[in-house]
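Working notes for the structure below.
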Amino acid sequence: MPEDFNDNKTIQAQSSETMGGGGGAVTPDKDYVRPAEVSDQDLYHGHSFITKWVFCQDAKVIGVQYFLLATFTGIVGLILSWLMRLQLGFPELASFMTAEHYYQFVTMHGMIMVVYFLTALFLGGFGNYLIPLMCGARDMVFPYVNMISFWMFFVAVGVLMASFFVPGGPTGSGWTLYPPQAILEGTPGSGMGIILMLVSLALFVIGFTMGGLNYLITVLQARTRGMTLMRMPLTVWGIFTATVLAMLAFPALLVSAIMMTLDKILGTSFFMPTILQAGEVLDYSGGSPILFQHLFWFFGHPEVYIVALPAFGIVSDLISVHSRKNIFGYRMMVWAIVGIGALSFFVWAHHMYVSGMNPWFGFFFATTTLIIAVPTAMKVYNWILTLWRGNIRINTVMLWCLGFIVTFVNGGITGIFLGNVTVDVPLSDTYFVIAHFHMVMGIAPLMVIMGAVYHWFPLVAGRMLSEKLGKWHFWFTFLGAYSIYFPMHYLGFIGVPRRYFEMYDSPYITSAVGMNEFISTAAFIVGAAQFILIYNIIVSLKMGKPAGKNPWKANSLEWHTSTVPPEHGNFGDKLPVVHRWPYDFSVPGAKEDFIPQTTPPSEVIHTKIEKT
Amino acid sequence: MSDPKIEGYEFKPGFRGMADDTGSDQTMFKGVHWGKAMMWIFLLSDTFVFSCFLISYMKGRGSTPVEWPNASEVFGLHVFGVEVPLLLIAIMTFVLITSSGTMALAVKYGYEKNRKMCGWLILATAVGGLIFVGMQAFEWSKLISEGVRPWENPFGAPQFGGFFFMITGFHGTHVSIGVIFLFIYAYKTFAGHYDERKRGWFTTMKGDYVEIEILGLYWHFVDLVWVFIFAFFYLW
Amino acid sequence: MDETNKKEQTTTHKIGIYLWIWGLLFVLSFFSYMVDWYQFQGMLRWSLILIFMFLKAGLIMAFFMHLFWERYALVNVLLWPMTAIGCFIFLMAAEFKYTLFTRIFYFFIGGG
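Chains as they are written, first to last, in the numbering used here: chain H, 1 to 612; chain F, 1001 to 1236; chain B, 2001 to 2112.
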């Protein structure tokens, strides 16, 4: 009816989150937000080069430091993967590589990529930069400890890289470091290599505990006026939940690392049973290798969600901004993230179906594993429903998001195969598993990282990245990554085992030779294509189009700072006041297709709604 | 301490209040200093560390077919010709619980701005911690002299020593770190840093008696872990 | 961060409550010690140990660590994660029983 559309009244944006500041505030003023509970933060401003750029307490600088160091370790991991693929695809060219070297590359590649690259990048890199900004805080609550956390990570990386240079080289036990082999002769690096790995992990855990405390308390206790938990961007929810997981899962890794170190150094028998080494009975007795596996995977499974959840959160925001549409089902997306996080502590032994653990455990863990698939799948539906009938911009960021959805669905489905005990028995320790976890943990989160870089580079650097180079980067990476990992599923089906240096002329695997060559070639090309991004970044820093404020016309607070790039203290003299959620895109009746979080209801510019 | 007064916010009790607090803006834990919230989450993480240690101990002890040493004999003391089981441990428990009590009192007097009582009670706590660590060191040396090693011992299953030294070692380290901080905070209290609101070195925030409460939480946690170690390792 | 709340709360508890809790803890510790002195065995021993342990832990957390007076948000955030530990304990108990069984079955009885 025409009289429903009254031009003189301001319109209500569709979010239910626009009234007051929550809890107890009852007032007719629709722009009212509760006053600040705590007075403004005093920041420590560095004055020398060292205190401004090295031992800097600004979370944004720390975030960039984490990003750079994590990327450096990622490049090391990438080179290791090239060496592995060289051996697997073209062994005649890899004659310099012994089996010991190969296993060391496998181990270091895995540990670096999972822990030192992905976890550090998402939590330390994106977390540090975005959490204070998106919550409307000036910085983390404890900047000094935040600064120390980065330097702990730095030392941890140093110790890890040092293991390449010690006698015996780095450990070759697989990133899972299973005893008893990890500390016995016959496994490469069973001397100093494993010790340095364990020490490095312990340092990493201590550092990330310090950082994690900051991220959690900043989100819980340092949000700005009007910012309720349900008005936070999903990026923050993803990183926040991942940090909760980190705080609760890393202890198990720390404990297992300490116990294995003692087994090696002091000859304790926590994990070491009575055992023969090259015919000689060792002094150990009574220990239990499976205890290590339980401890490791009690950490290890939440760890993979620590990698995945920030990706889920970030991609939700990227899709929303670049399709000019609110995320579909925001509340359920939040509950899904929280639910996945909580459930992730109850599924760990699906990594242990063939370990010889108590046989009844398979029932329990297969059940919980299939349950955890439900909220995960729901998130995929919601991403697609967000895109549905959206005003989609097919720019580089959106391409990465679409690539994420495709690869994550692929990897997630193969996870259902592996989550069932009977199906896992023939597939375990084959290339099927490698294909699965690279899809869900390697490719999909990597797509999100790339999308996030293209999305937030304009904020961090004040310049846009080249779209043209970005699209080349995307297509090489997406098609190339699919070429690497899709065929690997078939290798797994025919039974090609993982962590094998070579196939030893086994007749049934001769069919895999051509496939391995293809995969290796693709791997070299994709790896090389990443340098397109590095070139893009370096060139755009100087010659990119100036971004100005809020080039993507987004709503969340990081785009509404006093300067671009944001200065120390983020928001200038006055902290922002939040009146709505960050997903007011294409609101019917609003003139602009976005309404920033700081816009009070009385200032929303409306327009005549056209009836279609 | 009753619910703090916050302008524009009405406190509700129980789960209703929890839902309102969680759904409100700015903070989830109303009236809780960020440092206190941070210490609590750190303690939650540390709880998981000690839980993993104790779970590993349970698994290790439960799965060995070899007889586990009898704790009341191994940790007994021979005093005045009488074999008293677990005497040293009982005294250590008493000392640590008392130090927890003095710490709680220190927090109370701190909030009442009674600088002298607060400072003396913190010192008493620190002394209690020192006594505990001293007794733990004595216990270690006694056992080592009797042949208990991380890799073997004359009393029973060879893993006993490994678990014992590792778990009590980690606990003792936590106590020692606490003692160091207690001495530092006792000094700061007597020097009036919390009355003058002197800015801290690490946080650059103005000094506040809440820091005593935060340290108190850590100290009570150390006592809490001892309750569990006492029950599972010495008594079980 | 100058984080003093806008209105400072200064209400503290009376000294009596601290002495009561300390006394209770002492009594519970004494009872725990008696479990060993009187050499109770089996289920009685273990259940008494656990009961006294949880009572002491509860008193320390509720009163010394102030959780009894804190708002529910804090209490629940701290206590619910212990369910993950509970699950871990339960499963590792099953695991150690299984490990012991396999050792006795294969090494002592001679296997099947």
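Backbone N, C-alpha and C define an ideal beta-carbon position, used for all residues, glycine too.
Cα atoms of L2025 of chain B and S1072 of chain F: separation of roughly 21 Å, rounded to the nearest angstrom. According to the DSSP secondary-structure assignment, L276 of chain H is paired through a beta bridge with H:V281.
By the Cβ criterion, the segment 282–294 of chain H is in contact with the segment 1148–1158 of chain F, since at least three pairs of Cβ atoms, one from each stretch, lie closer than 8 Å. Across the set F:W1120, F:G1178 and F:A1137, the C-alpha of F:G1178 shows the shortest separation from the C-alpha of G1129 of chain F.
In the structure shown, D1025 of chain F adopts extended strand secondary structure according to DSSP, grouped into three states.
In the three-state scheme derived from DSSP, where H, G and I count as helix and E and B as strand, E1010 of chain F is classed as coil. Residue burial is scored here from C-beta neighbours: H350 of chain H has at least 16 other C-beta atoms within 10 angstroms and is therefore classed as buried. Rounded to the nearest angstrom, the gap between the Cα atoms of I2051 of chain B and W53 of chain H is 55 Å. Residue-level contact by beta carbon fails for Q293 of chain H and chain F, as no gap is shorter than 8 Å. Contact annotation: the segment 486–504 of chain H does not touch the segment 418–425 of chain H, with fewer than three C-beta pairs closer than 8 Å. Put simply, the CB of F2026 of chain B is far from chain H, with every gap to its CB atoms at 8 Å or more.
Excluding sequence positions up to five before and after L387 of chain H, its CB lies within less than 7 Å of the CB of I319 and S323, all in the same chain and listed in chain order.
At a cut-off of 8 Å between beta carbons, M2092 of chain B contacts chain H. One finds nothing in chain B with a Cβ atom closer than 8 Å to the Cβ of D1025 of chain F; even the nearest lies about 14 Å away. For Y1194 of chain F, not one C-beta of chain B is nearer than 8 Å to its own C-beta.
With a contact defined as Cβ atoms closer than 8 Å, S556 of chain H and M140 of chain H miss out at about 18 Å.
Within the DSSP bridge table, the entry for R463 of chain H names H:P546 as partners. Under the DSSP assignment, E1139 of chain F falls outside any beta strand (DSSP E), being part of the alpha helix (DSSP H) whose first and last residues are R1115 to S1145.
Contacts with chain B (Cβ-Cβ distance below 7 Å) from the segment 210–227 of chain H involve no residue at all. Annotated three-state conformation of P582 of chain H is coil, per DSSP. The closest CA to that of V33 of chain H, considering only H:Y482, H:I595, H:V578 and H:D584, is found on H:V578.
Rounded to the nearest angstrom, the gap between the Cα atoms of T274 of chain H and L469 of chain H is 59 Å. C-alpha of L216 of chain H to C-alpha of W1236 of chain F: approximately 37 Å in a straight line. In the structure shown, the three-state DSSP call for F1155 of chain F is coil.
If the five residues before and after E558 of chain H are omitted, its C-beta is found closer than 7 Å to the C-beta atoms of L130, L133, M134 and L459, all from its own chain and listed in chain order. Fewer than three Cβ pairs drawn from the segment 160–170 of chain H and the segment 216–228 of chain H lie within less than 8 Å of each other, which leaves the two stretches out of contact.
Those residues of the segment 453–466 of chain H placed with their C-beta closer than 9 Å to a C-beta in chain F do not exist. DSSP, reduced to helix, strand and coil, places L1077 of chain F within a strand of the structure shown. Under the 8 Å criterion on CB atoms, F2064 of chain B is classed as non-interfacial with respect to chain H. Among the residues facing chain H, F2108 of chain B is not included, as its CB has no counterpart in that chain under 8 Å away.
By the rule that beta-carbons nearer than 8 Å mark a contact, F2088 of chain B touches chain F. For A452 of chain H, the CB contacts under 6 Å within the same chain, skipping 5 residues up- and downstream, are I314 in chain order. Spatial neighbours of P1085 of chain F in its own chain (CB-CB distance under 6 Å, excluding positions within 5 residues in sequence) are listed in chain order as S1072 and G1076. For E1083 of chain F, the enclosing beta strand (DSSP E) begins and ends at V1082 to V1084.
When H:S562, H:T218, H:W472 and H:T563 are compared, the shortest CA-CA separation from I534 of chain H is found for H:W472. Taking a 10 Å sphere around the C-beta of M2053 of chain B, we find 16 or more other C-beta atoms and assign the residue as buried.
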